[in-house]
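The sequence shown begins at 3 in this note's numbering and counts up by one. Working notes, structure below.
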Amino acid sequence: MKQSKLLAGFLLTISFVLCAAQNNAELVNVKIVNQQSRINVVASTVVAMTPSGFIGLLNETENDCSWIHNCVSVSFEQNNETLSSAASSKNIQRETQKWRTLFKSPWPLNKREMVSYSKYSVSDKGETLIEIIGDDQATAKFKNSVLITNVQAKWIVYPINETHSKLTYIGFADPGGIIPRFLIDNMLKTAAENTFLNIREIAQLKALQNTQTDERYGNISQSQRKNR
3 MKQSKLLAGF LLTISFVLCA AQNNAELVNV KIVNQQSRIN VVASTVVAMT PSGFIGLLNE
63 TENDCSWIHN CVSVSFEQNN ETLSSAASSK NIQRETQKWR TLFKSPWPLN KREMVSYSKY
123 SVSDKGETLI EIIGDDQATA KFKNSVLITN VQAKWIVYPI NETHSKLTYI GFADPGGIIP
183 RFLIDNMLKT AAENTFLNIR EIAQLKALQN TQTDERYGNI SQSQRKNR
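Here is the structure:
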């Protein structure tokens, strides 16, 4: 009897996990594409956020990066020196921003560290593009961390209407160290999915707050008109 209850509980747990995974897949589309030694991540979703709202979220990551899966910290680094040869060869301009990001990793893996340049632009199609290029000549700053290399990524924010946008992330990187390929694939997919779900949650919360604010001001205006 006890074994049957344990089995039933296990099957129920598996069912919940599969349902959650299916629901997440309906909200966020994530693909992992392996091309030789390069691992490409392609993720997309629709968010209740404008392009400027998403850029604002990115600019606040130095204060709060919790929406990025496994992010420990993000710090802006002044870029007053001559760019490294690796960055220069990738046409990174001086006016781009340089960031250092620290990620925690599941045991027994070491933390991962990424040094990258970001550049903002708007395409002819009206898409807001945020291009990210890693600086492979950088060195790890934090203790017991491994530098992520060969970083090339792009955020694409396409406005659908005044309140919603299609958000797409395309990128690849070498996580460094000796990690089984299946584990890398699983980690990348989980990271992309959770990050996009967090963005959706933040966007929905801000949209709700804006709606409540509008309703509050609307009620105040109606009350003022009645008192006249």
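The C-beta atom is built at its ideal place from N, Cα and C for all residues, glycine as well. Nothing here was measured: the structure is a model prediction, and the numbers come from that model.
- Within the same chain, and ignoring the five residues on either side of P177 in sequence, the residues whose Cβ sits closer than 7 Å to its Cβ are R114, I150, I186.
- Under DSSP, K168 forms a beta bridge with V48, Y160.
- For a cut-off of 8 Å, the C-beta gap from G136 to N152 is around 7 Å, short enough to register as a contact.
- In its chain, beyond the 5 residues on either side, P53, F56, E129, T130, S167, L169 have a beta carbon closer than 7 Å to the beta carbon of V159.
- Boundaries for F56: no beta strand (DSSP E) harbours it, while the alpha helix (DSSP H) harbouring it runs 53 to 61, taken from the DSSP string.
- If you compare the alpha carbons of Q211, E195, N212 with that of V48, the shortest gap goes to E195.
- Cβ neighbours of V76 within its own chain (closer than 7 Å, five residues either side excluded): T63, E64, C67, W101, T103.
- Judged by DSSP in its simplified three-state form, F198 adopts helix.
- Relative to the Cα of N31, the nearest Cα in the group I172, A209, T213, R183 belongs to I172.
- The distance from the Cβ of I134 to that of S118 is about 5 Å, consistent with a contact at the 8 Å cut-off.
- F105 is the residue among D126, W109, L29, F105 whose C-alpha sits nearest the C-alpha of M116.
- In this model, K121 and L59 are separated by some 15 Å (Cα to Cα).
- Per DSSP, L149 is one residue of the beta strand (DSSP E) stretching across 147 to 149.
- If you draw a 10 Å sphere on the C-beta of T98, you find 16 or more other C-beta atoms in it, and that means buried.
- With respect to the 9 Å criterion, A142 and V148 are classified as neighbours on the basis of their beta carbons.
- Judged by their CB atoms, M51 and P108 are not nearer to each other than the 9 Å cut-off.
- The closest CA to that of N112, considering only Q154, N163, N72, is found on N72.
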